[in-house]
Structure formats: C-alpha cells, structure tokens
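The structure appears right after this line, and notes come after that.
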Amino acid sequence: MRFSWTLSGYIGRQFAVWVLGSFAAIMAIVFLLDFIELLRRGAGKENAYFLILLQMALLKLPNMARQILPFAVLFGSMLAFSRLTRTNELVVARAAGVSVWQFMMPAIMVALTLGAIKVAVLNPISSVMIERFHALEDSVLRNRADSFLSVGAGGLWLRERSDDRQVVLNARSAHEQEARLGDVMVLIFDGEDRFQRRIDAREAILADGSWTLHDVVVTTAQNRPERLDEISLPTNLTVDNIQDSFASPETMSFWELPGFIEVLENAGFSAIKHRLYWHAELASPLLMTAMVLIAATFSLRLTRRGNALSWASSGLFFGFLLYFLSDIVFALGLSARIPEVLAAWTPATVTMLLGMTSLLHLEDG
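Start counting the sequence shown at 4; every next residue gets the next number (the working numbering).
As structure tokens, then:
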C-alpha cells in the first residue's frame, strides 16, 4: 500500500497525545515527591521559606523533565499502540496492506522531534535553571558558601573563605594526577576583605591539608617583595573537592559544553564527565526512537499472544532495566574503563537494535 498522509497524521496525533499525557502525569508525580522532599530538608532551616522551596522545586523541574522524557516516550508509546490494537485500528490497517514500518514511521518522527527539542531547547533551559537551583540549595539548605572554583581562559580560579581570612588562587596550568598547579598567584585578604599579601610561585602542590608553593615571591602593601624557596598555606581543599567543584555538566548548555571541555583540558583537568554527558545528550533522538521500537514490540504482542498484563509489565520492566544498565555503562565511561563515546551511545544503539530485531521477528514487514 502506498503512503497515506491521512493515516500517518492520525497515528502521529494519537502517539503525541499519549506520550505528552504520560509525560505530564509522570512529571506531576515527580514534582510532588520532590517538593515534599525539599520541605523535609528545609524543616528547621532559618531561610527555608515555603515560597523559596516551591521556587527550588520549579527550578529543578526542567532538569527532571530532561531525564524523564525518554521513559515517558516508552510508556506513552505502549499506551498508544495498545489502544490502537484494542480498537482493531492497526488490524484494519494491516489488512489493507500497511506494513509495520509504515504505521511506525509517524511515531518515530514524533520521537525524533521530541529528542531534538530535548537537546536544542530543553537542555539550555534546564542548565540555567538547575544552576540557580544549586545556588539556592547551597545557601538555603546546606549553608555552604565558603569556596568557589571556576575555569576559563585565564586558567583556574579558586576562592576559599574562613572566619579570619579569604584566599584567592589563580593558576595558569594544572596536573590533576599530581595535584600540582603551575604559574600560581595567591591573593590573601583578612576577615574584613582587606588586602594582606600577594604570593607568586612557580608551582603549588596540594598535599596533607596545605598548599606547598615553590620559588616564591611574597609582596605586601608595606614591604618590598621577598623571595623564598618554599612556603606553605593551610587549606581545607582536596583534589576530589577541586574536581567536584567544577561546573556540573547539567549546569551547562549543550551548545556551551564543547568550548568548556576544551578550556578544562587545556587547564590540565579531566573532562570525561562533560564529554560523556555531551554525547549522551547527542544520542537522545536515537534513544527516543529506540523506546518507540521497544514499545511497539511489547504492545503489538498483546493481540497476538494474549496475556496483556504480562506483556505490559515486561515492557515497563525493560524500561527500568535499561535505566539501570545505562547507569552501569556510564559509570564505566566515567572511570575511563571504556571510551566515553562508546558509553554514551551504547544504551541507545543496543536498545534500537533489539527493537528492530524483535519487530522483524514479529512481523513480515
């Protein structure tokens, strides 16, 4: 049978309605649970007002939507295809000569569109709002604002504050594995932000709760510069603290990540986590398509094999299994046991191949 725009439009609308409906229902449940958790965490906190916690829950919503969307596509697809099979609409279409791939195409196009929107639109919005959420979380729920770190064209900038002083450190280069910074400048201020001294050093090594600076020049406002071979500065930072303080991939737009990855690597730090996240986002449209194929595999079996509840439960179980296995593969990528490109694209690719194989086995196409 030749391609029918009318039939394709109808299937596409049914698919979109069920997917968006599933997405809205899941988001409402997740938002409610997350807001309750924020209320629990905010109990007894001085500045944790109801409206601030509500604002935090809303700020977190786009990031949760980004994570939930693939599973909403899976569940919505299963509901859409199940409805079409129960009403015998797909049976009639098949009798008229429509192949499984023809009536799957509208759903696949909708899934690809949702994947593109997730990457191009939802991701940038989510990155801005989740960054604001983390700032509120640190100030309202964690009362943590004693350190700050950023990486840019000027190198690594780090600020550490204590009760009696503030230390600002800049380094042009870094060697993460050796916990060593190169071409270092340190500015030290007192508890009232008055300048005390500047320290320039060839390198700084972090170990045992202190920075050890070599080939040092110490400058104060009152005295002439003084040269020293070595000097130590106490610190509460560790290498893990510094690595964890880099901007989370979730707080950066998909479009900004390649530039930040380059800056991070030029500064001497690992960008595996950011590259893995970028490739995982890029694979989103493929993952959405794979979810549609898997949903069709389980849903089309409902009329063929009976025992609808069993097949529907199997589809839901597969969704959670995919989430669990994806986390394992991503963990392998983060630990550099497998390339980050392979870790990011494997879940979507394997799921899509499984879906296509199952449909080819089920249908004569």
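All residues carry an ideal CB built from backbone N, CA and C; glycine is no exception.
- A residue is called buried once 16 or more other Cβ atoms fall within 10 Å of its Cβ, and ARG69 is buried on that count.
- Annotation: SER85 to GLU40 spans about 35 Å, alpha carbon to alpha carbon.
- Taking 8 Å as the cut-off, the beta carbon of PHE257 is found closer than this to the beta carbon of TRP281.
- Unbroken beta strand (DSSP E) stretches of 3 residues or longer found wholly inside the segment 208-266: 213-223, 229-237, given in chain order.
- When DSSP states are grouped into helix, strand and coil, GLU140 belongs to the helix group.
- Per DSSP, the beta bridge partners of ILE191 are VAL170, ARG200.
- In the DSSP assignment, ILE297 falls within the alpha helix (DSSP H) that extends over 287-302.
- The segment 13-32 makes contact with the segment 65-81: 3 or more CB pairs, one atom from each, lie closer than 8 Å.
- If you look at PRO342, you'll find it isn't in any alpha helix (DSSP H); DSSP assigns it neither H nor E.
- Annotation for ILE111: THR292, VAL295 place their beta carbon closer than 6 Å to its own, counting only its chain and skipping 5 residues before and after.
- Closest in alpha carbon position to LEU159, among ILE71, ASN269, THR254, GLY358, is ASN269.
- Judged by beta-carbon spacing, PHE34 lies within the 8 Å limit of ALA60, meaning their Cβ atoms are closer than that value.
- ALA351 is not a Cβ neighbour of GLY336, given a cutoff of 8 Å.
- Within its own chain, the residues whose Cβ lies closer than 8 Å to the Cβ of PRO127, once the five positions on either side in sequence are excluded, are SER256, PHE257, TRP258, listed in chain order.
- In terms of Cα proximity to ALA299, the closest of GLN17, SER287, GLU253, GLY318 is GLY318.
- The Cβ atoms of LEU115 and PRO237 do not sit closer than 8 Å to each other.
- The bridge partners DSSP lists for ARG183 are HIS178, ILE208.
- When the five nearest sequence neighbours on each side are left out, the beta carbons in the same chain lying within less than 6 Å of the beta carbon of GLY322 are those of PHE74, LEU77, in order along the chain.
- Residue state for SER7 is assigned as coil, using DSSP reduced to three classes.
- Going by beta carbons, LEU56 and LEU42 fall inside the 8 Å limit.
- Exclusion of the five residues before and after GLY15 leaves PRO109, VAL113 as the residues of its chain whose Cβ lies within less than 6 Å of its Cβ.
- Rounded to the nearest angstrom, the Cβ distance from VAL189 to VAL220 is 11 Å, too far for a contact under 8 Å.
- In this structure ILE202 is not in contact with ARG183, their Cβ atoms being roughly 16 Å apart against a cut-off of 8 Å.
- About 4 Å separates the Cβ atoms of ALA83 and TRP21, confirming a contact at the 8 Å cut-off.
- Where ASN91 is concerned, there is no enclosing alpha helix (DSSP H), because DSSP gives it neither an H nor an E.
- The beta carbon of ARG205 sits closer than 6 Å to those of HIS217, ASP218, all from its chain and outside the five residues before and after it, given in chain order.
- The Cβ atoms of ALA274 and TRP348 lie no closer than 8 Å to each other.
- The Cβ atoms of ARG175 and ASP186 lie closer than 8 Å to each other.
- Taking PHE301 as reference, the option from GLY79, GLY47, TRP214 with the minimal CA-CA separation is GLY79.
- Per DSSP, GLY271 is not a residue of any alpha helix (DSSP H), being assigned neither H nor E.
- Ranked by how close their Cα comes to the Cα of GLU49, the residues ALA177, PRO65, VAL143 have VAL143 in first place.
- Your pair VAL266 and VAL131 does not check out as a contact, with CB atoms roughly 19 Å apart and the cut at 8 Å.
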